[in-house]
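Here is the structure we will look at, set down as structure tokens.
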Amino acid sequence: MEENLIAIGADHAGFELKEKIKNILKDLGYEVKDFGTDSTDSVDYPLIAKSLAVSVANKHPQKGILVCGTGVGMSIAANKIKGIIAANCNDTETAKLSRLHNNSNILTVGGRMIDEKKAREIVKIWLETDFEGGRHQRRIQEIRDLEK
Ligand code: RB5
28 MEENLIAIGA
38 DHAGFELKEK
48 IKNILKDLGY
58 EVKDFGTDST
68 DSVDYPLIAK
78 SLAVSVANKH
88 PQKGILVCGT
98 GVGMSIAANK
108 IKGIIAANCN
118 DTETAKLSRL
128 HNNSNILTVG
138 GRMIDEKKAR
148 EIVKIWLETD
158 FEGGRHQRRI
168 QEIRDLEK
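Quick note on the numbering used here: the sequence shown kicks off at 28 and runs consecutively.
Take a look at the structure:
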């Protein structure tokens, strides 16, 4: 499995933070698969969310990060894809708990909400925190059942 590979994508409002997060990921020893966008020209976030989320749902790679203005639109769109648990986390505690309790496979953040320093903290804790399992596994299964 490509555990070292992280998918990343953004719309125009997230483009600049996406570029910074790419460097953060490389600093942390990860490889990056970039789903665009490639500039601050306006694009529709659901289209970027869809292509990245389909890839992550197919576990190629297993985790992804999406950036829009707030992170909200990207999380709503990505969560429409079966197999995705996208968590909008603009703080470290939510990012940590979204892995421990929710087993999130996509992190979304807001380019208009956080700076590079905060993004580094959030990305690092999200990538380094494992799912706790146990009672949370049952709840994840209950979420999967909602997809049927
Ligand atoms: C684009 O202006 C903005 O709506 C988008 O980036 C995102 O924040 C939506 O949730």
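We put the CB at the ideal spot given by N, CA and C, even for glycine. This one's a predicted model, so the numbers in the text were calculated from it and none came from an experiment.
**OP:** For Gly100, verify whether its CB is less than 7 angstroms away from any heavy atom of the ligand RB5.
**Re:** Yes, Cβ of Gly100 sits closer than 7 angstroms to a heavy atom of the ligand RB5.
Original post:
Which residue comes first and which comes last in the alpha helix (DSSP H) that contains Gly36?
Top reply: Element bounds for Gly36: not the alpha helix (DSSP H) but the beta strand (DSSP E), Leu32 to Ala37.
Original post:
Among Gly63, Ile33 and Lys77, which residue has its Cα nearest to the Cα of His12?
Top reply: Because the chain spans 28 through 175 in this model, residue 12 falls outside it and cannot be assessed.
Subject >> CA-to-CA distance, Glu143 to Asn117, given in whole angstroms >> reply: 12 angstroms
**OP:** Within its chain, find whatever has a CB closer than 8 angstroms to the CB of His163; leave out the 5 residues flanking it on each side and keep chain order.
**Re:** Leu127, His128, Asn129 and Asn130
Original post:
Closer than 7 angstroms: is that where the CB of Cys95 sits relative to any heavy atom of the ligand RB5?
Top reply: For the ligand RB5, at least one heavy atom lies less than 7 angstroms from the Cβ of Cys95.
Original post:
According to DSSP, is Asn85 helix, strand or coil?
Top reply: coil
Original post:
Beta carbon of Asp176: closer than 7 angstroms to some heavy atom of the ligand RB5?
Top reply: In this structure the chain extends from 28 to 175, so residue 176 is not present and cannot be described.
Original post:
With 16 as the cutoff for other CB atoms within 10 Å, does Asn115 come out buried or exposed?
Top reply: buried
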